[in-house]
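*Asks:*
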Amino acid sequence: YFKAVIAVDPLISEAYYNLAVLCLRDNRIEDARRSYQKALELGALPDPDLEEKLANP
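Right under this line is the structure:
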(Lines of atoms letter the chains of each structure in order from A and count residues from 1; the text may use other names and numbers.)
(Lines give C-alpha, C1' and ligand atoms only; values in the text may rest on other atoms or scores of the structure.)
Protein backbone atom coordinates (compact mmCIF):
# COMPACT_ATOMS: atom_id res chain seq x y z
CA TYR A 1 0.00 0.00 0.00
CA PHE A 2 2.69 2.52 0.99
CA LYS A 3 4.70 1.80 -2.14
CA ALA A 4 1.58 2.59 -4.17
CA VAL A 5 1.18 5.90 -2.34
CA ILE A 6 4.84 6.72 -2.99
CA ALA A 7 4.38 5.89 -6.67
CA VAL A 8 1.50 8.38 -6.89
CA ASP A 9 3.14 11.10 -4.81
CA PRO A 10 6.79 10.55 -3.86
CA LEU A 11 6.79 13.57 -1.54
CA ILE A 12 4.57 12.11 1.19
CA SER A 13 6.87 11.62 4.16
CA GLU A 14 4.31 9.59 6.10
CA ALA A 15 4.34 6.88 3.44
CA TYR A 16 8.11 6.52 3.75
CA TYR A 17 7.89 6.50 7.54
CA ASN A 18 5.23 3.79 7.54
CA LEU A 19 7.19 1.79 4.98
CA ALA A 20 10.22 2.01 7.30
CA VAL A 21 8.16 0.63 10.18
CA LEU A 22 6.90 -2.26 8.04
CA CYS A 23 10.37 -3.05 6.72
CA LEU A 24 11.72 -3.09 10.26
CA ARG A 25 8.93 -5.43 11.33
CA ASP A 26 9.88 -7.73 8.44
CA ASN A 27 13.56 -7.54 9.50
CA ARG A 28 14.53 -5.67 6.32
CA ILE A 29 16.80 -3.32 8.23
CA GLU A 30 18.57 -1.59 5.33
CA ASP A 31 15.27 -0.94 3.54
CA ALA A 32 13.87 0.42 6.80
CA ARG A 33 16.83 2.75 7.24
CA ARG A 34 16.55 4.06 3.68
CA SER A 35 12.81 4.66 3.99
CA TYR A 36 13.17 6.38 7.36
CA GLN A 37 15.97 8.59 6.03
CA LYS A 38 13.80 9.58 3.06
CA ALA A 39 10.92 10.38 5.42
CA LEU A 40 13.20 12.68 7.41
CA GLU A 41 14.44 14.36 4.23
CA LEU A 42 10.83 15.07 3.31
CA GLY A 43 10.07 16.68 6.66
CA ALA A 44 8.93 13.90 8.96
CA LEU A 45 9.66 14.49 12.61
CA PRO A 46 12.39 12.33 14.13
CA ASP A 47 11.20 9.24 16.00
CA PRO A 48 13.71 8.38 18.74
CA ASP A 49 12.16 4.94 19.34
CA LEU A 50 12.40 3.98 15.68
CA GLU A 51 15.93 5.37 15.46
CA GLU A 52 16.99 3.20 18.40
CA LYS A 53 15.43 0.11 16.80
CA LEU A 54 17.19 0.85 13.53
CA ALA A 55 20.51 1.37 15.31
CA ASN A 56 20.16 -1.81 17.38
CA PRO A 57 18.05 -4.30 15.43
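If you read the sequence shown in the working numbering, its first letter stands for residue 6, the second for the next number, and so on.
All residues carry an ideal CB built from backbone N, CA and C; glycine is no exception.
Do the segment 30–39 and the segment 10–17 make contact, defined as three or more Cβ pairs closer than 8 Å?
*Replies:* The answer is no - the segment 10–17 does not touch the segment 30–39, with fewer than three Cβ pairs under 8 Å.
*Asks:* Tell me whether the beta-carbon of Pro51 lies closer than 8 Å to the beta-carbon of Leu45.
*Replies:* Position 46 of the sequence shown, counting from 1, holds the residue named residue 51. Position 40 of the sequence shown, counting from 1, holds the residue named residue 45. In this structure, Leu45 lies closer than 8 Å to Pro51 by Cβ.
*Asks:* Which of helix, strand or coil does DSSP assign to Ala9?
*Replies:* Residue 9 sits at position 4 when you count from the first residue of the sequence shown. Helix.
*Asks:* Can the beta-carbon of Leu55 be found closer than 8 Å to that of Val26?
*Replies:* One-based indexing of the sequence shown puts residue 55 at position 50. One-based indexing of the sequence shown puts residue 26 at position 21. A contact, by the Cβ cut-off of 8 Å.
*Asks:* Can you name, in chain order, every residue of its own chain whose Cβ lies under 7 Å from the Cβ of Lys43, other than the five neighbours on each side?
*Replies:* Here residue 43 is taken as the residue at index 38 of the sequence shown, counted from 1. Closer than 7 Å at Cβ, skipping near neighbours: Tyr21.
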